[in-house]
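One structure is given here, and the rest of the page talks about it.
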Amino acid sequence: MANRIPLVVDVLDSNKIKELPVGDNLDLGGAGVTNAGTINATDIRINNVSFNNPFSGDYNDLTNKPSIPTVPSALSAFANDVGYLAAGITTDVISEGVTNEYFTLAKTDARVNAQTGSNLDLSLKTITALKDVDDVTVSDDGKILYYDHASTSWKWKVDAGGITTFTALTDVDAVTGTNDGDILYYDHATTSFKWKADASSFTFSVGADDSTLRAISTTESIKFIGGTGITTASDSEGNITTTIGNIGDLVDVGVAGATNGQVLTYDSGASTWGPGSIAAPSNIDDLADVDTVSTTPVDDYVLSFKGATSKWEPRVLNNVDAATVTTSPDATAAAQFVTFVAVSDSSSQELRTDASVTYNPSTNVLSATSFTGTTVNTTNLNVSGSVANGVNEITFAGDLKVASTKEIRYYDTDNSHFIGFKSAGTVTASKSFTLPDGDGTTNQVLTTDGNETLSWSTPSGTGELNEDSYKTIKISGQTDVVASAAADELTLVAGTNITMTTAADEITINSTGGGGGT
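Everything in the sequence shown is counted per our numbering, starting at 118 for the first residue and increasing by one.
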């Protein structure tokens, strides 16, 4: 249901019927409001008393108030108490559950022993990480660690001297002849260090090129021995240095009688290497896979491999051969330089490349800073840069294609701005327009005959291109008023009890019937 503004009689303005202005009060003259639905108001006043908040704010003025119980002052007054809430109750009188058990020292010790055994493995810990060893500071350099029985912890102190042997310490047992190889451990029951046999042992395997594995146990050692031409040495810290001798130290190499320029050659009969000489070829046709007899080479010939004979043979390098050179896609070669051979029979020619001409075999694109020539024999030519010839004109034997709605741009003198033409984003059908011959006269425009032929035409009337005074006027609930010609007119018709007058560019519409309103 929509909100409506009531009509009222304005007694201050000749009893005219008007809409109730926003902000004015509605005076009912002492009458009441009956059969009213929901009344939305920001405030309701009775005898000038606001009822915007009808409650006084006092809790005691409310009816049907809930009962709020009184909190007992003693814990024993709670109905569900079974004696647990009495002051001073401890876990000694509360039964232990099955899942959440109480912590005890005995249970902790049993759990640690179950996980680590009776002796904890501290091989990966530092001694100061133990909780009964004092932390180390810079001032503890050179101090010794001692056990302090009073605090049951280990502490650091300056060595007072007087003890020259380890076993002279009061908490270390004396050493006898049976203690050879024993290790020292701390016995907590006697608060002293004692000796016992080391029960630990290890075994691992080593192997050489013969793949034979040999076991090494706790009391054994490994010795590195150099082979032929190889020596080994070790220092006091156990570092091993391996030194390789001369090539002649190898068992299958003999260098006796070797002279400058000789090479090692293999003697398959003796299965050894020795000094020898290789005759250098004087001509390229001395190579076994080069045949210059079947075809006699002449100036500008090149060597070409022939699969039928598995040999390299001379042949002429011509444009046909150059045009049929194939390439393989190579995504790793973003740009490869093009190689050029000069047309000459002079000696000491070189293959040369131009860094400005590159070829990407992965995308099959040839790139260059500029092309200068008269003919480019290719179907598609992609150029990024400039293309020029001797007369600064480009002649295309076929159609010029500008793809993907790209532009043909005409730049100004300093190439800072341009005017471009491009195709629409979507073209329904291909069209080729034919331009007219020559230039038109003043104010003529290009028009089409509907068959892709353009011509110069003079616009009718005043020569304005957009002469429609209006095109379409839309009226809600009515049909559109549409201009049908450039000189079409829009006529306004006065209806019943309506008069229209004009003055200059104004139209006044008045109502002549009803109660005399305008």
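Every residue gets a Cβ at the ideal spot worked out from N, C-alpha and C, and that includes glycine.
Residue(s) in a DSSP beta bridge with residue i
{"i": "residue 272", "result": "263"}
{"i": "residue 624", "result": "619"}
{"i": "residue 136", "result": "124"}
{"i": "residue 332", "result": "322"}
{"i": "residue 383", "result": "390"}
{"i": "residue 571", "result": "565"}
{"i": "residue 303", "result": "310"}
{"i": "residue 589", "result": "599"}
{"i": "residue 528", "result": "535"}
{"i": "residue 431", "result": "420"}
{"i": "residue 350", "result": "358"}
{"i": "residue 407", "result": "429"}
{"i": "residue 512", "result": "According to DSSP, which records beta bridges pairwise, residue 512 is partnered with nothing at all."}
{"i": "residue 610", "result": "Answer by DSSP bridge pairing: none, since residue 610 is not bridged."}
{"i": "residue 551", "result": "570"}
6 Å Cβ shell around residue i - same chain, five flanking residues per side excluded
{"i": "residue 557", "result": "573"}
{"i": "residue 261", "result": "276"}
{"i": "residue 528", "result": "535"}
{"i": "residue 609", "result": "none"}
{"i": "residue 483", "result": "476"}
{"i": "residue 350", "result": "358"}
Beta-carbon contacts of residue i that lie in its chain and below 8 Å, excluding the five residues immediately before and after
{"i": "residue 292", "result": "284, 312"}
{"i": "residue 370", "result": "364, 381, 389, 390, 391"}
{"i": "residue 269", "result": "249"}
{"i": "residue 615", "result": "626, 627, 628, 629"}
{"i": "residue 619", "result": "625"}
{"i": "residue 571", "result": "550, 551, 552, 553, 563, 564, 565"}
{"i": "residue 183", "result": "none"}
{"i": "residue 413", "result": "431"}
Distance between residue j and residue i (C-alpha atoms, nearest Å)
{"i": "residue 403", "j": "residue 410", "result": "11 Å"}
{"i": "residue 259", "j": "residue 352", "result": "29 Å"}
{"i": "residue 623", "j": "residue 560", "result": "34 Å"}
{"i": "residue 117", "j": "residue 328", "result": "This structure does not reach residue 117, given that the chain is present from 118 up to 635, and the question cannot be answered."}
{"i": "residue 521", "j": "residue 599", "result": "38 Å"}
{"i": "residue 367", "j": "residue 347", "result": "9 Å"}
{"i": "residue 590", "j": "residue 536", "result": "36 Å"}
{"i": "residue 129", "j": "residue 153", "result": "28 Å"}
{"i": "residue 272", "j": "residue 264", "result": "6 Å"}
{"i": "residue 135", "j": "residue 595", "result": "30 Å"}
{"i": "residue 298", "j": "residue 336", "result": "11 Å"}
{"i": "residue 592", "j": "residue 158", "result": "38 Å"}
{"i": "residue 523", "j": "residue 538", "result": "8 Å"}
{"i": "residue 147", "j": "residue 165", "result": "15 Å"}
{"i": "residue 567", "j": "residue 518", "result": "24 Å"}
{"i": "residue 321", "j": "residue 266", "result": "43 Å"}
{"i": "residue 222", "j": "residue 354", "result": "47 Å"}
{"i": "residue 613", "j": "residue 597", "result": "22 Å"}
{"i": "residue 137", "j": "residue 124", "result": "6 Å"}
{"i": "residue 541", "j": "residue 421", "result": "53 Å"}
{"i": "residue 255", "j": "residue 343", "result": "48 Å"}
{"i": "residue 405", "j": "residue 477", "result": "36 Å"}
{"i": "residue 286", "j": "residue 310", "result": "10 Å"}
{"i": "residue 211", "j": "residue 314", "result": "49 Å"}
{"i": "residue 375", "j": "residue 386", "result": "20 Å"}
{"i": "residue 602", "j": "residue 588", "result": "9 Å"}
{"i": "residue 300", "j": "residue 288", "result": "15 Å"}
{"i": "residue 294", "j": "residue 307", "result": "22 Å"}
{"i": "residue 244", "j": "residue 317", "result": "21 Å"}
{"i": "residue 246", "j": "residue 253", "result": "10 Å"}
{"i": "residue 515", "j": "residue 554", "result": "22 Å"}
Residue i: CB within 6 Å of a non-hydrogen atom of the ligand MG
{"i": "residue 223", "result": "Of the ligands one can find in the structure shown there are none, so the ligand MG has no counterpart to examine."}
Close beta carbons around residue i, own chain, < 7 Å, minus the five adjacent residues each side
{"i": "residue 339", "result": "323, 333"}
{"i": "residue 219", "result": "208, 213"}
{"i": "residue 423", "result": "430"}
{"i": "residue 530", "result": "none"}
{"i": "residue 296", "result": "312"}
{"i": "residue 428", "result": "406, 407, 408"}
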